[in-house]
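Participant: Sharing a structure with you now.
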Amino acid sequence: MIDSDSNYKVDLARLAPGFHQRRFQARGVGFDAFIWRCGPGPVLLINGATHGDEYEGPTLLRQWVDVWKPAMLSGTVVMVPVLNEAAFFAAQRCHPADGGNLARAFPGRTNGNSTARLAHLFDTALLAQCTHYVDLHSGGGAYELLPWTGYFTHTRSVDKAQRAMAACFDHFWCWVGPFLPGRTLSAAHARNIPAIYLECRGAGGIEPRDLQALERGLKNLLQWTGVLQGRKLTLRKQKTRITRDVDEAHLQVHHPAPFDGLFVSETALGRQVRRGQPIGKVLSLDGKQSAVIKAERTGCIVLVRYQRSVRRDDALFTLAPI
Ligand SMILES: [Zn+2]
649 MIDSDSNYKV DLARLAPGFH QRRFQARGVG FDAFIWRCGP GPVLLINGAT HGDEYEGPTL
709 LRQWVDVWKP AMLSGTVVMV PVLNEAAFFA AQRCHPADGG NLARAFPGRT NGNSTARLAH
769 LFDTALLAQC THYVDLHSGG GAYELLPWTG YFTHTRSVDK AQRAMAACFD HFWCWVGPFL
829 PGRTLSAAHA RNIPAIYLEC RGAGGIEPRD LQALERGLKN LLQWTGVLQG RKLTLRKQKT
889 RITRDVDEAH LQVHHPAPFD GLFVSETALG RQVRRGQPIG KVLSLDGKQS AVIKAERTGC
949 IVLVRYQRSV RRDDALFTLA PI
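Numbering of the sequence shown is given in this note's numbering, commencing with residue 649 and proceeding in unit increments.
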């Protein structure tokens, strides 16, 4: 039996033990949250669809809601399968009304556009109440990614927790970098909440093995936080890259398309390439221009543009030294 209600704010600590559904909404924006509550303890918050065209997180979390009936919990688990509903129903990365990228809008504002108001609502109504946070992303409709997890470096104690959280997702490699503004993780960072993100493959759909890897990671994380008791954790060793370069893991800045046109990839996800090696090209539709895209650095292809129509400055590849 679901206990259901709509609220501007829900004090998780005052909820009765059990399973609750709550609609968080304010000033014309909102989202549904599913809450498993069992007294004091860690509060783990997980969401999908910060970007509207990324389906792995929403699919895992929404299916989880129907089947997860834990007999015993310590603490609270909150799942928001689809945070950015307007972008989700528009099947696009950004908000259809204002074009805003929710992953650049945090901590948001009460008097801003829809994207800013949604960021503010999520930050103040839920992030502020959690002890651990996970944001589920993917390549979406435009990109194909070599699945990874990651976080922003923080203080030693927060980093220790973030490293352990990321290690729970042991079928993903791990990319650690400096703080970037505007993300959900930036808001968690400001609140000193250990936070990680996941990036699944994307390419417009869902790989079943990505869902399995996510689910395995989530179960590991529930145990690591102490929310669930169970078997001793046995984790695979995780390949980890730590960088101080703010641009390294900033996916939108690498190998920009020099003009509008058709993108042709001449490499593949996971392939090792050398700096200067041709890895793709962009062809203008009028037949007058063609540009060879050369690898900016030596490394592994971890992101490839999947959508073949490109606008000038759209990122085409990201390489990581892994
Ligand atoms: Zn995303």
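Every residue, glycine too, gets a C-beta built ideally from N, C-alpha and C. Here the structure is a predicted model, which is why all the values come from computation and not from measurement.
1) Would the beta-carbon of residue 700 be found less than 7 Å away from any heavy atom of ligand 1?
2) Could you tell me the distance, in whole angstroms, from the CA atom of residue 686 to the CA atom of residue 827?
3) Could I get the ranges of all uninterrupted beta strand (DSSP E) runs contained in the region 791-852, with 3 residues as the minimum, in chain order?
4) Taking only heavy atoms of ligand 1 into account, decide whether any of them is closer than 7 Å to the Cβ of residue 788.
5) From the DSSP output, in three-state form, read off residue 680 for me.
6) Using the beta-carbon count (16 or more within 10 Å), is residue 670 buried or exposed?
7) Alpha carbons only, please: which of 854, 706, 701 is nearest the one belonging to residue 695?
8) For the region 852-919, which segments carrying the beta strand (DSSP E) assignment without a break, of at least 3 residues, lie completely within its bounds, in sequence order?
9) Count the other CB atoms, across all protein chains shown, that sit within 10 Å of the CB of residue 720; report buried if there are 16 or more and exposed otherwise.
10) Using three-state DSSP, classify residue 649 as helix, strand or coil.
11) For the candidate residues 766, 715, 674, whose alpha-carbon lies nearest to that of residue 863?
12) Tell me whether residue 967 sits in a helix, a strand or coil according to DSSP, three-state version.
13) Could you give the uninterrupted runs of the alpha helix (DSSP H) lying entirely in the region 698-784, keeping only those of 4 residues or more?
14) Do you know whose CA, among 800, 881, 911, 888, lies nearest residue 831's CA?
15) Return the CA-CA distance between residue 737 and residue 811, expressed in angstroms with no decimal places.
16) Are the beta-carbon atoms belonging to residue 935 and residue 912 less than 8 Å from one another?
17) Just the Cα atoms here: how many angstroms apart are residue 852 and residue 833?
18) What do you reckon, is the C-beta of residue 768 under 7 Å from a heavy atom of ligand 1?
19) With distances taken between CB atoms, is the gap from residue 681 to residue 774 smaller than 8 Å?
20) What would DSSP say about residue 959, mapped onto helix, strand or coil?
21) Compute every distance between the C-beta of residue 743 and the non-hydrogen atoms of ligand 1, then say whether any falls below 7 Å.
22) When the Cα of residue 949 is compared with those of 916, 658, 729, which residue comes out closest?
23) Distance, Cα to Cα, residue 652 vs residue 660?
24) Which same chain residues end up closer than 8 Å to residue 865 when comparing Cβ atoms and leaving out the 5 residues on each side of it in sequence?
25) Quick check on residue 654: does DSSP put it in helix, strand or coil?
26) Since residue 909 contacts residue 875 with CB under 8 Å, what's their CB separation in whole angstroms?
27) Cβ atoms of residue 750 and residue 758: under 8 Å apart, would you say?
28) Quick one, are the C-beta atoms of residue 699 and residue 788 less than 8 Å apart?
29) Would you mind reading off the limits of the beta strand (DSSP E) that contains residue 673?
30) Considering only C-alpha positions, which residue in the set 693, 765, 733, 966 is nearest to residue 905?
Facilitator: Answer, in terms of the structure:
1) Within the sequence shown, the letter at position 52 stands for residue 700. The answer is no for residue 700.
2) For the purposes of this step, residue 686 is identified with residue 38 of the sequence shown, where counting begins at 1. For the purposes of this step, residue 827 is identified with residue 179 of the sequence shown, where counting begins at 1. Using only the alpha carbons, I get a separation of about 33 Å.
3) 791-793, 796-800, 821-825, 843-848
4) Here residue 788 refers to the residue found at position 140 of the sequence shown. The answer is yes for residue 788.
5) For the purposes of this step, residue 680 is identified with residue 32 of the sequence shown, where counting begins at 1. Here residue 680 sits in strand by DSSP.
6) Residue 670 sits at position 22 when you count from the first residue of the sequence shown. That one is buried.
7) For this step, residue 695 is matched to residue 47 along the sequence shown. When only C-alpha atoms are compared, the closest one is 706.
8) Complete beta strand (DSSP E) runs here, min 3: 888-890, 909-913.
9) Position 72 of the sequence shown, counting from 1, holds the residue named residue 720. By the neighbour-count rule (16 or more Cβ atoms within 10 Å), residue 720 is not buried but exposed.
10) Position 1 of the sequence shown, counted from the first residue, corresponds to residue 649. Low confidence applies here, because residue 649 scores a pLDDT of 40, under 50, leaving its location unreliable and the question unanswered by this model.
11) Within the sequence shown, residue 863 is the residue found at index 215, counting from 1. If we check each option's Cα against that of residue 863, 715 comes out closest.
12) Against the sequence shown, residue 967 aligns to sequence position 319. Strand, per DSSP.
13) 704-715, 733-737, 762-773
14) Position 183 of the sequence shown, counted from the first residue, corresponds to residue 831. Of 800, 881, 911, 888, the smallest CA-CA separation from residue 831 is found for 800.
15) Translated into the one-based positions of the sequence shown, residue 737 becomes position 89. Translated into the one-based positions of the sequence shown, residue 811 becomes position 163. Rounded to whole angstroms, residue 737 to residue 811 spans 34 Å at the Cα level.
16) Taking the first residue of the sequence shown as position 1, residue 935 is located at position 287. Taking the first residue of the sequence shown as position 1, residue 912 is located at position 264. No, the Cβ-Cβ distance between residue 935 and residue 912 is not below 8 Å.
17) As a working mapping, residue 852 is identified with position 204 in the sequence shown. As a working mapping, residue 833 is identified with position 185 in the sequence shown. When rounded, the distance between both Cα atoms is 24 Å.
18) Translated into positions along the sequence shown, residue 768 becomes position 120. In terms of side-chain proximity, the C-beta atom of residue 768 is found no nearer than 7 Å to any non-hydrogen atom of ligand 1.
19) Residue mapping note: residue 681 aligns to position 33 of the sequence shown, counting from 1. Residue mapping note: residue 774 aligns to position 126 of the sequence shown, counting from 1. In this structure, residue 774 lies closer than 8 Å to residue 681 by Cβ.
20) The residue given as residue 959 occupies position 311 in the sequence shown. Correct three-state label for residue 959: coil.
21) Start at 1 with the first residue of the sequence shown, and residue 743 comes out as number 95. Outside the cutoff, so no.
22) As a first step, residue 949 must be located in the sequence shown, where it is residue number 301. Of 916, 658, 729, the residue nearest in Cα terms is 916.
23) By one-based count along the sequence shown, residue 652 stands at place 4. By one-based count along the sequence shown, residue 660 stands at place 12. Only weak support exists for where residue 652 lies, its pLDDT of 43 falling under 50; the coordinates are left without a value.
24) Your numbering for residue 865 matches position 217 in the sequence shown. Within the same chain, residue 865 has close Cβ partners 797, 816, 817, 818, 819, 820, 846.
25) Counting from one through the sequence shown, the residue named residue 654 turns up at place 6. Residue confidence is low: residue 654 scores 45 on pLDDT, short of 50, so the model does not pin down where it sits. Its coordinate-derived value is still stated next. Looking at residue 654 - three-state DSSP - the assignment turns out to be strand.
26) On the sequence shown, position 261 is the one that residue 909 refers to. On the sequence shown, position 227 is the one that residue 875 refers to. Actually they do not touch by this definition, with Cβ atoms about 49 Å apart.
27) Walking along the sequence shown from the start, residue 758 turns up at place 110. Walking along the sequence shown from the start, residue 750 turns up at place 102. No, the pair does not count as a contact, with Cβ atoms beyond the cut-off.
28) The sequence position of residue 699 within the sequence shown is 51, counting from 1. The sequence position of residue 788 within the sequence shown is 140, counting from 1. Yes, they are a contact pair.
29) If you number the sequence shown from 1, residue 673 lands on position 25. Where residue 673 is concerned, the enclosing beta strand (DSSP E) stretches over 666-674.
30) As a working mapping, residue 905 is identified with position 257 in the sequence shown. Comparing Cα positions, the closest option is 966.
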